[in-house]
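Report on the structure given below.
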Amino acid sequence: MSSSPSSAFFATAPRGLEPLLAQELTALGAREAQVVPGGVAFMGTWEACYSVNLWSRVASRVLWKIADFSYGSEDDVYDAVKRIDWPRYFRVERTLRVNVTAQKSPLRSLEFATLRVKDAVCDRFRDALGKRPDVERASPDVRVHVFLETERATLYLDTSGEPLFKRGWRAGQGEAPLRENLAAGIIMLTGWRPGEPLLDPMCGGATLLVEAAAMARGRPPGAKRGFGFEKLTAFDAKTWEAVKAQRVEPQECQLYGSDTDLEALKAARRNLAAAGVERWVRLEQADILERAAPAAAGVMVMNPPYGERMGNPEDLARFYPKLGDALKQRYAGWRCYIFTADLRLPKLIRLAPSARTPLWNGGLECRLYELRMVAGRPTRHSRP
Ligand SMILES: C[S@@+](CC[C@H](N)C(=O)[O-])C[C@H]1O[C@@H](n2cnc3c(N)ncnc32)[C@H](O)[C@@H]1O
5 MSSSPSSAFF
15 ATAPRGLEPL
25 LAQELTALGA
35 REAQVVPGGV
45 AFMGTWEACY
55 SVNLWSRVAS
65 RVLWKIADFS
75 YGSEDDVYDA
85 VKRIDWPRYF
95 RVERTLRVNV
105 TAQKSPLRSL
115 EFATLRVKDA
125 VCDRFRDALG
135 KRPDVERASP
145 DVRVHVFLET
155 ERATLYLDTS
165 GEPLFKRGWR
175 AGQGEAPLRE
185 NLAAGIIMLT
195 GWRPGEPLLD
205 PMCGGATLLV
215 EAAAMARGRP
225 PGAKRGFGFE
235 KLTAFDAKTW
245 EAVKAQRVEP
255 QECQLYGSDT
265 DLEALKAARR
275 NLAAAGVERW
285 VRLEQADILE
295 RAAPAAAGVM
305 VMNPPYGERM
315 GNPEDLARFY
325 PKLGDALKQR
335 YAGWRCYIFT
345 ADLRLPKLIR
355 LAPSARTPLW
365 NGGLECRLYE
375 LRMVAGRPTR
385 HSRP
C-alpha cells in the first residue's frame, strides 16, 4: 500500500470518550495522539485517516487541518481564508458548507463569520476559475470547519462527511436511542469480551446490542456509508481499496436483549437485521424487574428512561430500589453497567457503584455506573 506523507488531523468524540478514542486511533495507525476536551489531535497518513473513518467506533468526525492563523476581526478571517488555494483541495462542481464554532472568540456573530468564510472560499474559486461552488446545507460534498479561539483560528476540511455515528444501519427508531458511537464507547468501557454473555434488559432500538455484535463480528462501522474524503482532490482510490480489503477475525458471541415495549422490540429487530447481526442476538419481551438472568454470569448494560421524553422523576425514584433488588436477587455473578443522566441513581438503587465514569450525551452530563453483583456482598444503603 502506498504511504502518503503525514498530515495533522483532529477526531471529535462524545465528551468523556476522548481517552478511549486516543487508544482506538493509535491502534488504527495514528501517531502523536493528544487528548483535548471533545477530541484527539493526531498525525497520520491518508491510509490512517481512511482506516480511522472506516473503523473507529467512537469518533464522531475526522477533520483534516489545512491552516491556522491569528485574527482579530472578520476581515482578518476573510483575508486568511482567501489566501488558501481552494481549487487545490476540491473541484468547483462540489457543493460546500461552512461551519464555524468558537471558544472565547472576540467576534460578535458566528453567523457573519460563517458568511465571510464562505465568501472567501467562493471568491478564491471565482478569481481562479471564473466560477464558484454552490452552497448546500443538508448534504454538502465538502464541509469546511473553522474553530475560533481568542486570537487564533484553525481551519479544517471534514474527511468524514456525515458524522460517523451515522453508520447506515438504523432502520427502526426506538424511543430516545443512544448515538451509535456513544453506545460503542459504553460497551468498550464495560470491558466486555465476546466470550461473555451480554444482556441489555432495557434495549429499546438495540443500539448497544448492534454495536456490541458488530464489534464481536469484526464488522467495520463505516462499511455501509460514504465519506467526505472521497470528494476531495487528495482522494487516493487505490489506498482506500486496500484499507477496505483489510479483515478482522469474527468472534462468536451471545447477546440478549429485552424490553417491555413491543414497538421498541420491533425497531430493535429491524436494526439488528439491517446491521446483519440478528443471528447473534436473542430478543424477548420482558420487564427487567421480573426477567431471569440468561446465564450464570455476564455483563449487563442498560440505559433506563430518563429526562423529558421518557420517565418522570417520581416514577424513577420508585423504580430504582426495585431495580436494585432485582439485580441482587437474580444477577449475582454479573457486572452491571447503568448509563444515565439521573445522578440520584446510586443513592436510590441502594447498591454501591465500583466505578462511575462521567460521559456526555450531547449536552447532558451522564454517568456510567458499574455495579459488581457478588452473592452475599453487603450493600451500602440499608433497607428502610
Ligand atoms: C432510553 S430507552 C433505551 C434506548 C436504547 N438504549 C437505544 O439506544 O435504543 C429505555 C427503554 O427502557 C424500556 N423500559 C422501561 N421500563 C422498562 C422495564 N421495567 N423493563 C424493561 N424495559 C423497560 C423502554 O420501553 C425503553 O425502550
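Be aware that the sequence shown starts at 5, since it is given in our numbering, and climbs by one per residue.
Cβ atoms here follow ideal geometry from the backbone N, Cα and C, with glycine treated the same way.
Test item: CB-CB of residue i and residue j under 8 angstroms
i, j, result
"Leu-111", "Leu-152", "yes"
"Pro-357", "Tyr-373", "yes"
"Ala-12", "Leu-25", "no"
"Val-121", "Val-104", "yes"
"Ala-268", "Glu-179", "yes"
"Pro-224", "Leu-58", "yes"
Candidates the options: closest to residue i by CA position
i, options, result
"Arg-197", "Asp-319, Met-304 and Asp-131", "Met-304"
"Gly-48", "Leu-67, Arg-61 and Asn-275", "Leu-67"
"Thr-264", "Arg-322, Leu-293 and Phe-239", "Leu-293"
"Gly-42", "Gln-107, Thr-30 and Leu-100", "Gln-107"
"Ala-34", "Gly-20, Ala-17, Pro-18 and Ser-60", "Ser-60"
"Arg-376", "Lys-326, Ala-301, Ala-124 and Trp-364", "Ala-301"
"Ile-88", "Leu-347, Thr-158 and Leu-349", "Thr-158"
"Asp-329", "Arg-101, Ala-379 and Ala-345", "Ala-379"
"Arg-229", "Gln-255, Gly-261 and Arg-174", "Arg-174"
"Glu-166", "Pro-23, Pro-144, Lys-86 and Tyr-324", "Pro-144"
"Ala-216", "Val-285, Pro-308 and Gly-76", "Val-285"
Any non-hydrogen atom of ligand 1 within 7 angstroms of residue i CB
i, result
"Thr-264", "yes"
"Asp-346", "no"
"Cys-370", "no"
"Cys-207", "yes"
"Leu-193", "no"
"Pro-225", "no"
"Gly-328", "no"
"Glu-179", "yes"
"Ala-220", "no"
"Thr-30", "no"
"Asp-291", "yes"
"Ala-241", "no"
Burial state of residue i, where buried means 16 or more other Cβ atoms lie within 10 Å
i, result
"Pro-205", "buried"
"Ala-296", "exposed"
"Lys-351", "exposed"
"Val-62", "buried"
"Trp-113", "Note that residue 113 is Ser in the sequence shown, not Trp. Under this definition Ser-113 is an exposed residue."
"Ala-124", "buried"
"Val-40", "exposed"
"Gly-226", "buried"
"Glu-154", "It should be noted that the sequence gives Thr, not Glu, for residue 154. With fewer than 16 Cβ atoms within 10 Å of its Cβ, Thr-154 is classed as exposed."
Minimum Cβ-Cβ distance from residue i to chain B less than 8 angstroms
i, result
"Arg-101", "Going by chain labels, chain B is absent from the structure shown, which holds only one protein chain."
Report task. Indicate whether the contact test is met: 3 or more Cβ pairs, each with one atom in the stretch 132-141 and one in the stretch 245-265, closer than 8 angstroms. Result -> Too few Cβ pairs lie closer than 8 angstroms, so no.
Query raised in the report: Is the number of C-beta pairs between the stretch 318-330 and the stretch 176-195 that are closer than 8 angstroms three or more?
Result: Verdict: no, contact absent.
Query raised in the report: How do the stretch 278-285 and the stretch 233-243 stand: do at least 3 beta-carbon pairs fall below 8 angstroms, yes or no?
Result: Taking a contact to require three or more Cβ pairs closer than 8 angstroms, the stretch 278-285 and the stretch 233-243 do not qualify as touching.
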